[in-house]
Amino acid sequence: MTTLFRTTCLAAILSVAGLAAQAQTALRLAHAAPETDLQQNLALFLKEQLEERSGGEITVTIFPQGQLGNDAAMVDGTRSGIIDVVMTGLNNMTGLVPEAGAFELPFIFPTRADAYAVLDGEVGQGISEQFQGHGLKMLGYPENGYRNMTNNRGPITQPGDVAGLQMRVNNSKALSDMFQALGATPQQIPVAELYTALETGVVDAQDHPVGIVQSFKFDEVQDYLSLTQHAYSALALAMNLNKFNGLSEEHQALVQEVATEAVAMQRGLAQDREEEMLADLEGKGMQINRDVDAAAFQEAVRPVWDGFVAQNGDAIVTAITSR
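Numbering (mature numbering (1 follows the signal peptide of the UniProt record, and there is no 0)), first residue to last: -25 to -1, 1 to 298.
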């Protein structure tokens, strides 16, 4: 009886411990954007919905504005398990899966609908699966938006207007190659250091979606915003693969379901608020230029596509453009 009693007690303790462990599934979510950015809206949606729909069995702590390191550090931290979920520019992950760089090619997505169809469809899912080999579970592709150019020299309406600019670039090879082809001098600077670099004249131009220009307050150090829309910029929402696989099947399904809803919500906000953001920037003194010769830019940057195909083959570019 004593042995049976002890065995029963141990089983009960282990059962309670298992439930406690499940109840204490805590996720750390990190991103580099300010709390005023739509990336924080997505993070808050994810937190609220996961906590509510899991009955408190999953909790999420958000670390915005690069609190856990720059983009590269956050990606590495997520792969190692120090961070559970990361939201970052997809360009910060193309070193792991070079074919994902096709999504960064200038003018490859004529419309947002085209981008969504590719990223959420067979092509995007194929790329997502490749990240599992690097310890990451891709949960979706939120929106950073169409990239536009800002500078202090004047409106950019045609390719020649870019020549001679000291242009900050991210680590996207496609964008760096594009600005080089246009005659600018690209310099890679982390986004967290960009405001100071613009303020001190280290660079005099940069490119980002409208939401980032607003949330990082680049209007304070840049006079002209030209809506070149030269590249669609996707974000990546990814989770440590071991952490995801360690969840119950029910919680795995919930995380993916909520992530998909969060991406859709954030994309909708990005579209709905863009004109409002532009009006805000204009009201703060930024000169908005919509007169851009898109056809001339597309022709000028075509060699960037050729360079990508030479390095990575034409399969993914063909899959994107022939759908």
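Here a beta-carbon is modelled for each residue, glycine too, at the ideal position from N, C-alpha and C.
Residues bridged to residue i (per DSSP)
{"i": "S208", "result": "G120"}
{"i": "N215", "result": "L111"}
{"i": "G64", "result": "L210"}
{"i": "A180", "result": "N126 and M142"}
{"i": "I33", "result": "T(-1)"}
Separation of residue j from residue i, as counted between CA atoms
{"i": "T63", "j": "A211", "result": "5 Å"}
{"i": "M68", "j": "N127", "result": "31 Å"}
{"i": "residue 349", "j": "A8", "result": "Limits of the chain in this structure are -25 at one end and 298 at the other, which puts residue 349 out of reach."}
{"i": "Q171", "j": "I58", "result": "Here residue 171 is Thr; the residue named in the question, Gln, does not match the sequence. Taking the straight line joining both Cα atoms gives about 28 Å."}
{"i": "V(-10)", "j": "G70", "result": "Any reading at V(-10) is ruled out, since the residue's pLDDT is 40, under 50, leaving its predicted position unreliable."}
{"i": "P85", "j": "A209", "result": "14 Å"}
{"i": "A234", "j": "M261", "result": "35 Å"}
{"i": "D182", "j": "G41", "result": "20 Å"}
{"i": "G30", "j": "L253", "result": "40 Å"}
{"i": "A275", "j": "F193", "result": "27 Å"}
{"i": "A228", "j": "L169", "result": "38 Å"}
{"i": "T296", "j": "V50", "result": "29 Å"}
{"i": "L21", "j": "Q231", "result": "10 Å"}
{"i": "P117", "j": "R242", "result": "6 Å"}
Backbone secondary structure at residue i - three-state DSSP
{"i": "G115", "result": "strand"}
{"i": "L4", "result": "strand"}
{"i": "T296", "result": "helix"}
{"i": "F38", "result": "strand"}
{"i": "N146", "result": "coil"}
{"i": "L200", "result": "strand"}
{"i": "T11", "result": "coil"}
{"i": "P85", "result": "coil"}
{"i": "I131", "result": "coil"}
{"i": "L43", "result": "coil"}
{"i": "F193", "result": "helix"}
{"i": "D268", "result": "coil"}
{"i": "V93", "result": "helix"}
{"i": "L19", "result": "helix"}
{"i": "G186", "result": "helix"}
{"i": "L71", "result": "coil"}
{"i": "G221", "result": "coil"}
{"i": "L25", "result": "helix"}
{"i": "Q273", "result": "helix"}
Residue span of the alpha helix (DSSP H) that contains residue i, given as start and end
{"i": "D281", "result": "R277 to N287"}
{"i": "Q100", "result": "E97 to F106"}
{"i": "I57", "result": "Where I57 is concerned, there is no enclosing alpha helix (DSSP H), given that its DSSP letter is neither H nor E."}
{"i": "L169", "result": "L169 to T175"}
Short Cβ contact (8 Å threshold) for residue i with residue j
{"i": "N16", "j": "L244", "result": "yes"}
{"i": "N220", "j": "G56", "result": "no"}
{"i": "N264", "j": "S201", "result": "yes"}
{"i": "A149", "j": "V292", "result": "no"}
{"i": "L13", "j": "G186", "result": "yes"}
{"i": "A180", "j": "R143", "result": "yes"}
{"i": "H205", "j": "M240", "result": "no"}
{"i": "T(-1)", "j": "I37", "result": "no"}
{"i": "P165", "j": "S151", "result": "no"}
{"i": "Q133", "j": "A271", "result": "yes"}
Terminal residues of the beta strand (DSSP E) in which residue i lies
{"i": "Q231", "result": "Taken as a continuous stretch (DSSP letters only), Q231 belongs to no beta strand (DSSP E), being part of the alpha helix (DSSP H) at E224 to G258."}
{"i": "Q262", "result": "Q262 to N264"}
{"i": "Q162", "result": "T160 to Q163"}
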